[in-house]
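Let me begin by presenting the structure, written as structure tokens, before commenting on it.
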Amino acid sequence: MIKIFQSEFFKLRKKLRTWLGPLLIMVLVLIAFPLSIDISQYDLNRFYFSIIVVALLMISFLSTEGIFLEDYEDGSLEQVYLVEQDFYKFVLAKVLTFVLLIGVPMAGIGSVFSILNGISINEVPKIFFMMFLSNLLLFNLFAFGSSLSINKGAILGVLATLPLALPIIILLGRGVRTIQYGIGFEGVMALMVGSGLLVTSIMPLIISATLKTHLE
Amino acid sequence: MFSSFIHRFSSPKSYVEITRKFFPYISLFGFLLLLIGWIWGLAFSPEDAVQGNSYRIIYLHVPASIFAQLIYFFMSICALIHLVWRVKLAAYLIKSAALVGAMITFIALFSGSIWGIPTWGTWWQWDARITSTLILFIMYLGIITLHGSFSNLEKADRLMSILVVVGVVNIPIIKKSVDWWSTLHQSASITISEGASIDSSMLYPLLISIFGMGLTLISLGILSSKFYILTREKNKKWVQSYV
Amino acid sequence: MSLITANRISYTINNKKLFHNLSFTIDAGSALHIKGGNGSGKSTLLRILLGITTPSKGKIELLKPNTKITYLGHKNAIKNYLTPIENLKLIFHQSSLESALDWFQRLGLSRVQDEISANLSFGQQKKLALIRVLAAPADLIVLDEPFVGLDDSSRNLLNKYLQESISKGSSLALTSHIRPEIISKELMLENFSND
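Top to bottom, those sequences are chains A, B and C.
The first sequence begins at 1 in our numbering and counts up by one.
The second sequence begins at 1001 in our numbering and counts up by one.
The third sequence begins at 2001 in our numbering and counts up by one.
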């Protein structure tokens, strides 16, 4: 398992545009929003968080587009199957690598932008943790979408799985409100941690079955 | 033993032959029940004390909402059967049911919007139940699009089944949304555990409409699935002699 | 001693039968050459043997537990954005890397070791992909058109390696339009098609 994880980390690190690109796009989107409105008319602090949440959603599916495409097209998936007889460890390693190299920095960027828009610096660990857990859920889900569409383009995978991501967004929005109002954070976090652990352990099984279907 | 039972009754040919016998009765009975329910509800039920005559849309909206979810649930059972026992017929039924499900979900959303104007003063409200129903509609479209994207139809069947099973998590969210989130939406008029919260003069035509719509949708599903089976199995001898 | 038995294998795609009622065995220390025209299902049959593709009917049985299999298909399974050495380090554990590097030199790839794999020629990429098979002794070697793109010396090296492996007890299943020099049983897929 460690070797698989090291291989995936090594490969992703080499593909600069795959992990750096989404992070830069996220920064640009978060900058673009205030530029598109008359900020003297609106209290940006009140709804800027929603923009960060939507940016997380978009960048998550952008980042995981083609997560399995390269391995499918160059024949590596078949070789993994021959050795492992399923894709569980491979998928888990790949998704966790993406979460670490892309999801964690995304949570960091989101936290920084929330400070810039009025959130107290004391709340930053909570925001970071909440965004990290959201990314864990979203990356798993959109990796499933990518595995469904594999070489049919990102639109298909996103269309198939974006509806399933919306409850995660509802949960994230609720988490944001608990931070803004100062109550109920622990409950929402417990739900997110539980969901994150459950999804991270089950989703590789589902993705594994999907990838096997493509190989057939 | 269960596996051989499944395989014995899962031949597309048997399905087409059996449904051909029952289709006229199901469709006629369903249509009649729907007609009775709607005429009773639209013309003979009393006005609602608060909503006046605008409530009468429930005879379309409520059955449509119920079946929007039930059809997906049916699809998820078929998906499990297809994934576990590799029954082709189950995949054919998912594909056919998805079309019917998308249609009825759209009707639920549209009729709900029409009802919203006199009731809430708005075409749309971002509450949990309506939003979940919209999400369900998009899920149906996603399933149909996913299946249509692959030229290898056996692969498409399996991928579609996997997506349906994963998506079924949305159904309890819709059902429980009235309890989980505070919402503008009317709480469920009929629940299994607590009984109806509307008067029997309105309840009976509603129940008749629900059953009528159920049978009508089953007959639509039979038509859709028969056409699809004949298309998919067109190279088989039984199809050539049937047609 | 039989290594693999295939019992009444059929494969259908989009309700069309590619082949049906196919039965054969591959013994230890023997080779099977699968022949057929384009689209007859040669690659599909290999993938069924490997367990990657499930047959529509019939069964494949591996008679030896923990059979070690190496496979090279149409796709090379190498990463275009990595150098050849980086690719080998991804494929092989430390213990077998030395053997892989030895084959890397024997195939004449040392002069391109610092190039990105995308810049290698088709034949060079094929040789790099072949190291996966050459440097990892296996009970069953499965090859899909292995000689395509190889120069004469590499082709001879491969034939020699396969012959040695078979004599040591390994089994081989391959498809090839170029006749292999290994003595092998032949399986003509057209004999099992619908037409």
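C-beta: ideal position from N, C-alpha, C; glycine also.
Neighbours of B/Arg1158 in chain A, taken as residues at a C-beta separation under 7 Å, are given in chain order as Thr213.
With distances taken between CA atoms, C/Lys2079 lies nearest to A/Lys11 out of A/Ile169, A/Ala190, A/Lys11.
Contact residues of the stretch 2046-2063 of chain C toward chain B are absent (C-beta to C-beta distance below 7 Å). For A/Glu70, the closest Cβ of chain B is not nearer than 8 Å. Chain B places a beta carbon closer than 8 Å to that of A/Lys152, counting this residue as a contact. Within the stretch 1087-1143 of chain B, no beta strand (DSSP E) run of at least 3 residues lies entirely inside it. Listed along chain A, no residue sits closer than 9 Å to C/Lys2035 by beta-carbon distance, the nearest being about 22 Å off. Cα atoms of C/Ala2136 and A/Ile59: separation of roughly 41 Å, rounded to the nearest angstrom. When DSSP states are grouped into helix, strand and coil, C/Thr2083 belongs to the coil group. The Cβ of B/Ser1200 sits no closer than 8 Å to any Cβ of chain A.
Closest in C-alpha terms to C/Gly2073, from the list C/Leu2120, C/Val2112, C/Lys2185, C/Lys2126, comes C/Lys2126.
Between A/Pro22 and A/Ile102, the CB-CB gap stays under 8 Å. Within 10 angstroms of the beta-carbon of A/Gly187 lie fewer than 16 other beta-carbons, which makes it exposed. A/Ile121 is classed as exposed because its beta carbon has fewer than 16 other beta carbons within 10 Å across all chains shown. Its chain contains Pro1012, Val1239 as the residues whose beta carbon lies nearer than 6 Å to that of B/Glu1233, once the 5 sequence neighbours on both sides are disregarded; these appear in chain order. C-alpha of C/Gln2124 to C-alpha of C/Glu2181: approximately 22 Å in a straight line. Between C/Thr2067 and C/Ser2117 a beta carbon distance of about 30 Å is seen, past the 8 Å cut, so the two are scored as non-contacting. 8 Å or more divides the Cβ of C/Ile2026 from the Cβ of C/Ala2138. At a cut-off of 8 Å, the C-beta of B/Thr1145 has a neighbouring C-beta in chain A. In this model, B/Ile1210 and B/Ile1229 are separated by some 28 Å (Cα to Cα). The residue among C/Ile2069, C/Asn2007, C/Gly2039 with its C-alpha nearest the C-alpha of C/Val2142 is C/Ile2069. A straight-line Cα-Cα distance of about 12 Å links B/Glu1047 and B/Trp1040. A/Ser111 counts as buried, since no fewer than 16 other beta carbons sit within 10 angstroms of its beta carbon. Taken in chain order, the members of the stretch 1071-1103 of chain B whose beta-carbon sits within less than 9 Å of a beta-carbon on chain A are Leu1083.
Thr2012, Ile2013, Asn2014, Asn2015, Lys2016: these are the residues of the stretch 2004-2018 of chain C whose beta carbon lies less than 9 Å from some beta carbon of chain B, given in chain order.
Annotated three-state conformation of C/Val2142 is strand, per DSSP. Under the Cβ criterion of 8 Å, B/Ile1208 is not counted among the residues facing chain A. By a beta-carbon distance limit of 8 Å, A/Leu198 does not contact A/Ala165. Their separation comes to about 16 Å. The beta carbon of A/Phe87 sits closer than 6 Å to those of Ser208, Leu211, all from its chain and outside the five residues before and after it, given in chain order. By alpha-carbon distance to B/Leu1035, the top candidate from B/Leu1206, B/Trp1126, B/Ser1201 is B/Leu1206. Under the Cβ distance rule, B/Gly1112 does not count among the residues neighbouring chain A, no pair being separated by less than 8 Å.
Residues of chain A whose Cβ lies closer than 8 Å to the Cβ of C/Leu2082 are, in chain order, Lys11, Lys14. For the 8 Å CB-CB criterion, B/Ala1091 and B/Asp1157 form a contact. Secondary structure in the stretch 2082-2156 of chain C: the beta strand (DSSP E) runs of 3 residues or longer, each lying completely within the stretch, are 2140-2144 in chain order.
Secondary structure at A/Glu186: helix, using DSSP grouped into helix, strand and coil. Taking a cut-off of 8 Å for Cβ pairs, the stretch 1059-1075 of chain B and the stretch 1110-1121 of chain B touch, as three or more such pairs fall below it.
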